[in-house]
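Novice: The opening position of the sequence shown corresponds to residue 131 in this note's numbering, with each subsequent residue numbered one higher.
Backbone N, C-alpha and C define an ideal beta-carbon position, used for all residues, glycine too.
Quantities reported herein were computed from a predicted structural model and do not represent experimental measurements.
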Amino acid sequence: MKNILVTGALGQIGSELVPALRQRYGAAKVIATDLKVLPPSGAAALAPYDHLDCTDPHQLHEAVRRHDIGAIYHLAALLSASAEAAPQFAWQVNMSGLYNVLEVARGYGCQVFFPSSIGAFGPSTPRDHTPQVTIQRPTTIYGVTKVAGELLCDYYASRFGIDTRGLRLPGLVSYVAAPGGGTTDYAVEMFYHALRYGRYTCFLSADTRLDMMYMPDAIAGMIHLMAADADRLRYRNAYNITAMSVTPEDIAAAIRQHIPSFDIDYDVDPVRQAIADSWPRSLDDSAAHADWDWAPHYDLCAMTADMLSRLEAKLKTGSRKKRD
131 MKNILVTGAL GQIGSELVPA LRQRYGAAKV IATDLKVLPP SGAAALAPYD
181 HLDCTDPHQL HEAVRRHDIG AIYHLAALLS ASAEAAPQFA WQVNMSGLYN
231 VLEVARGYGC QVFFPSSIGA FGPSTPRDHT PQVTIQRPTT IYGVTKVAGE
281 LLCDYYASRF GIDTRGLRLP GLVSYVAAPG GGTTDYAVEM FYHALRYGRY
331 TCFLSADTRL DMMYMPDAIA GMIHLMAADA DRLRYRNAYN ITAMSVTPED
381 IAAAIRQHIP SFDIDYDVDP VRQAIADSWP RSLDDSAAHA DWDWAPHYDL
431 CAMTADMLSR LEAKLKTGSR KKRD
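1) Looking at C-alpha atoms only, which residue of Val148, Pro268, Ala382, Pro245 is the closest neighbour of Gly328?
2) I believe Asn370 touches Asp415 by the beta-carbon criterion, under 8 Å. Please report the beta-carbon distance rounded to the nearest angstrom.
3) Hey, would you say Leu232 sits closer than 8 Å to Cys283, going by beta carbons?
4) Rounded to the nearest angstrom, how far is the Cβ of Met131 from that of Phe243, given a contact under 8 Å?
5) Please say whether Ser304 and Met345 have beta carbons closer to each other than 8 Å?
6) When the Cβ atoms of the stretch 198-215 are set against those of the stretch 135-147, are three or more pairs found closer than 8 Å?
7) Give the C-beta separation of Gly312 and Ser408 to the nearest angstrom, bearing in mind that I take them to be a contact with Cβ-Cβ under 8 Å.
8) Counting pairs of Cβ atoms below 8 Å between the stretch 387-397 and the stretch 316-334, do you hit three or more?
9) Decide if the stretch 218-234 is in contact with the stretch 180-194; the criterion is three or more beta carbon pairs, one per stretch, under 8 Å apart.
10) Which residues in the same chain as Ile143 place their Cβ atom closer than 6 Å to its Cβ, once the five residues preceding and following it in sequence are excluded?
11) I believe Ile271 touches Met320 by the beta-carbon criterion, under 8 Å. Please report the beta-carbon distance rounded to the nearest angstrom.
12) Please look up how many angstroms separate the CB atoms of Arg402 and Leu334, rounded, as I've assumed it's under 8 Å.
13) At which residues does the beta strand (DSSP E) containing Gly237 begin and terminate?
14) If you draw a straight line from the C-alpha of Leu151 to the C-alpha of Asp421, how long is it?
15) Take the Cβ of Gln266 as the centre, count every other Cβ of all protein chains shown within 10 Å, and call the residue buried at 16 or more, exposed below.
16) Would His427 be called buried (16 or more neighbouring beta carbons within 10 Å of its own) or exposed?
Laid out in structure tokens, this is it:
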């Protein structure tokens, strides 16, 4: 097997995908890359690590050639709220980066994973049990780049035979990386604030229902899809997957099972609320179940218990380091 390259490796998904891939395939087989320039000690800790700007095709070609890459997990992108604040820059990063990845994959015969999102849907999409194949008319630049990315990956698969695969990911909850500018990041923030302050002010309304998933399930789904038998895959880009459909009040109630005094109030951000209101409340992921045996392991209760336990340990470790 050739090596694996991960772009955006220091982001929310990459921070957990890289260790999981290295555990499965060996540390030397997985090349972490990111736009961030790390100090020598930081790069050594993540080795093999390359500084890489995926919007620069020459850098990307050189990295794939030098490391003998056979598969690319392309995670580098601006998320929903951050993209809406800088739409022109979001188009450059999200679309130019993907185009360059697909072109280098065409030249070197690489397999490509592209993460799409529930943001690829819009207000005209059925919001409950959103079908695998349905209308996609997003109202955000983030969503536009995700739909365009899905179509571009499909084109490279049909036109050039590139093995492109993807998932439409729901909101992701992780204790490893800090929130990164996504509309569903309220969930991650809520866990941090519950442990640090015992209260949280949410930027979405209490009854905003969206699909969520604990990061270990998302990571397992990506790796599982990339290893699946290609002959079983009816849809290349991208499969709906989900684990739970929840509101901020649902998550707060789950946290109170562990921290009874936890309090939540609401100060709705109109921009992020409008984004959330344009997204599905629940996804139909039956195609993923049928085609490659997708099944999540964490529901809301299991995610909350594990998230609080691991995040509490992380925060205690950080406090000790500061004191030392």
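Specialist: According to the structure data:
1) Ala382
2) 5 Å
3) yes
4) About 15 Å; that fails the 8 Å criterion.
5) yes
6) yes
7) Actually they do not touch by this definition, with Cβ atoms about 14 Å apart.
8) yes
9) yes
10) Leu205
11) Actually they are not in contact, since the Cβ atoms of Ile271 and Met320 sit about 26 Å apart, beyond 8 Å.
12) 6 Å
13) Gly237 -> not in any beta strand (DSSP E); alpha helix (DSSP H) instead, spanning 227-238.
14) 22 Å
15) buried
16) exposed
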